[in-house]
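Below is one structure, written out as C-alpha cells; comments come after it.
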Amino acid sequence: MPDFLCIVNRKLILKERRIHERKTDATTQAAGSVQADIALVCGTATDKVEFNKTIAKLPAPDQEPTPNPDTKLGDITFEPVVSEDVPSVNVDTDKKKLIEKTLDDKQKDIVNKGGLADIVLSIKNATDNNAADKKLIEASFKANEKIGKCLDVSLLLTVKDKAGNVVNNNKKVSDSQEMITITINVPSDLISNNREYKIIRVHNGVVKTVDSVWDADNKTITFKTNEFSTYAIVYRDVAGSEVKPSDPETKPSTQETNPESKPSEDVTKPSESVTNGTESSTQVSTEAVSEAQNTEPGTSTQTGDATRLMMWLMIALLSGAGIAGIISKKKKLNN
Numbered sequence: 001m002p003d004f005l006c007i008v009n010r011k012l013i014l015k016e017r018r019i020h021e022r023k024t025d026a027t028t029q030a031a032g033s034v035q036a037d038i039a040l041v042c043g044t045a046t047d048k049v050e051f052n053k054t055i056a057k058l059p060a061p062d063q064e065p066t067p068n069p070d071t072k073l074g075d076i077t078f079e080p081v082v083s084e085d086v087p088s089v090n091v092d093t094d095k096k097k098l099i100e101k102t103l104d105d106k107q108k109d110i111v112n113k114g115g116l117a118d119i120v121l122s123i124k125n126a127t128d129n130n131a132a133d134k135k136l137i138e139a140s141f142k143a144n145e146k147i148g149k150c151l152d153v154s155l156l157l158t159v160k161d162k163a164g165n166v167v168n169n170n171k172k173v174s175d176s177q178e179m180i181t182i183t184i185n186v187p188s189d190l191i192s193n194n195r196e197y198k199i200i201r202v203h204n205g206v207v208k209t210v211d212s213v214w215d216a217d218n219k220t221i222t223f224k225t226n227e228f229s230t231y232a233i234v235y236r237d238v239a240g241s242e243v244k245p246s247d248p249e250t251k252p253s254t255q256e257t258n259p260e261s262k263p264s265e266d267v268t269k270p271s272e273s274v275t276n277g278t279e280s281s282t283q284v285s286t287e288a289v290s291e292a293q294n295t296e297p298g299t300s301t302q303t304g305d306a307t308r309l310m311m312w313l314m315i316a317l318l319s320g321a322g323i324a325g326i327i328s329k330k331k332k333l334n335n
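Under UniProt numbering, the residue at position 164 of the sequence shown is numbered 164, and the numbers go up by one with no gaps.
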C-alpha cells in the first residue's frame, strides 16, 4: 500500500514503498535463498535496493559427523620405528597374526566399532643407559666377550575409540604370542674377520643368549623374538687362521721312537783280515759299544741284531785265544 508523506521542517518523508520478495526454503538436501527488490519513491525521486541471501541446508536428525579423511576408522596399523642412532634394521612378521594375538577382546571390540589401533615396534639405542641390564649381561660373559651395542626393543600399542578418545596410549606389550624377525646391520666399527657375534637379552631380569644367525657377507645378525626388552650385540675376538702349536701328549712327534729298529749306518765293521790281536780287539769293542748305544733301556733287541752281536763276541773270544797262543809260543821259543 502506498505511503503518502510530506516534507516537514526540511525532513524527507517517504511517500511510497514497493517490495517484491522471492523465497526458497532450505531443506536437509539443499540450501535455501531469499531475494527481494525494495523501491523507495519520494516525489519524483526513486531509489531501488536488491537483497539476496543464501540459507544453509538443514542438518539431518541424528546425523553422524563427517570423519576426518586422514583418520582410518576401524583399522589397525603396524610399523617399526627406529631411532637415528641405531644401525639400520629390517623387521619381518605376519602382521595379521601379530594384530590378532596382540589386542585383547576389549581392544578388538573398540576397533570393530570404528576405532583405531596402532602397533609400533620401537628400537632405540640403550648403550649409554640402562646400567642395571648391562651389568647383568656382562656378568654372563665368557672369556674375551664385550658389548658392541645395546638396544631397547619395545612393542607399543595405542588404541582410540570411534570418537577419537584415547583408550591406550603407547602401552608396552612385554610379550606377544607371534614371533617377530629382526635383522640388524652390525656397525662397521664392530666388524672384524676374526670375530664372533651373538645376541644376549635381558627380559624381566633373566639373561639369555638368543639363537641368532651371523651373515658374514652382508655383515648382519638375525634373530627371532616375542619378548620385548633389552638386547645386546656381543662380540668376541678369536684366533682365526693362526696355527696352534701341537700338543706333544696328543700329537706324537714324527721323529723315530724306536731307533734300534734301524741300525745306524755309522757302525764300524770289523776288518775281514785280522793283522794282529790288538786291531781286532779294538774293532770288536767299537762294534759292541755302537750296538749298545743303539739299544735303549726298555726295548727288545731285534733277532738280526742279536745274531750279529753273538758273532762279534765269538770273534773277540777267538782273537783273544789267538793272542794267548801267540804269546805262549813266543815264550817257548825264547826258552
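The C-beta atom is built at its ideal place from N, Cα and C for all residues, glycine as well.
Around the beta carbon of residue 229, 16 or more other beta carbons lie within 10 angstroms, which makes this residue buried.
Among the bridge pairs identified by DSSP, residue 35 is matched with 22 and 52. With a 10 Å radius around the Cβ and a threshold of 16 neighbouring Cβ atoms, residue 22 comes out exposed. The Cβ-Cβ distance between residue 193 and residue 239 does not fall below 8 Å. Distance from the CA of residue 109 to the CA of residue 82, rounded to the nearest whole angstrom, comes to 30 Å. When DSSP assignments are scanned along the stretch 192 to 248, the uninterrupted stretches of beta strand (DSSP E) that are 3 or more residues long and fall wholly within it turn out to be 195 to 203, 206 to 210, 212 to 215, 220 to 227 and 230 to 237. Counting C-beta atoms within 10 angstroms of its own C-beta, residue 44 has fewer than 16 neighbours from the protein chains shown and is therefore classed as exposed. Burial state of residue 319 is buried, judged by a 10 Å Cβ sphere holding 16 or more other Cβ atoms. When secondary structure is reduced to three states using DSSP, residue 57 falls in the coil class, being assigned neither helix nor strand. Taking 8 Å as the cut-off, the beta carbon of residue 168 is found closer than this to the beta carbon of residue 157.
The three-state reading of DSSP puts residue 117 in strand, counting E and B together. For residue 111, the three-state secondary structure derived from DSSP is helix. Taking a cut-off of 8 Å on C-beta distances, the stretch 122 to 132 does not touch the stretch 208 to 222, as fewer than three cross pairs fall below it.
By alpha-carbon distance to residue 220, the top candidate from 184, 203 and 198 is 184. In the DSSP assignment, residue 102 falls within the alpha helix (DSSP H) that extends over 95 to 102.
Within a 10 Å sphere around the beta-carbon of residue 116 sit 16 or more other beta-carbons, which makes this residue buried.
Across the set 196, 234, 178 and 218, the C-alpha of 234 shows the shortest separation from the C-alpha of residue 202. Just so you know, the alpha carbons of residue 161 and residue 136 end up roughly 41 Å apart.
Going by DSSP, residue 175 is part of the beta strand (DSSP E) stretching over 175 to 185. Closest in alpha carbon position to residue 57, among 308, 30, 186 and 120, is 30. At the C-beta level, residue 165 and residue 150 stay beyond 8 Å of one another.
Judged by DSSP secondary structure, residue 157 falls outside any alpha helix (DSSP H) and instead within the beta strand (DSSP E) spanning 145 to 160. Of the residues 118, 32 and 144, the one whose Cα lies closest to the Cα of residue 197 is 144. Taking every protein chain shown into account, the CB of residue 181 has fewer than 16 other CB atoms within 10 angstroms, so this residue is exposed. In the three-state DSSP reduction, residue 128 falls in the coil class, being neither helix nor strand. Between residue 87 and residue 187 the beta-carbon gap is near 5 Å, inside 8 Å, which marks them as a contact. Look at residue 172 here: in three-state DSSP terms it is strand. For residue 59, the closest C-alpha among the options 52, 49 and 28 is that of 28. In terms of Cα proximity to residue 91, the closest of 102, 78, 99 and 101 is 78. Each residue's CA atom was taken as its position, placing residue 51 and residue 25 some 16 Å apart. Selection 207, 106 and 89 evaluated against residue 223 yields 89 as nearest (Cα-Cα). Residue 227 and residue 118 have their alpha carbons spaced roughly 19 Å apart. In the DSSP annotation of this structure, residue 86 is not part of any beta strand (DSSP E), being labelled neither H nor E. When the beta-carbon positions are compared, residue 200 and residue 232 come within less than 8 Å of each other.
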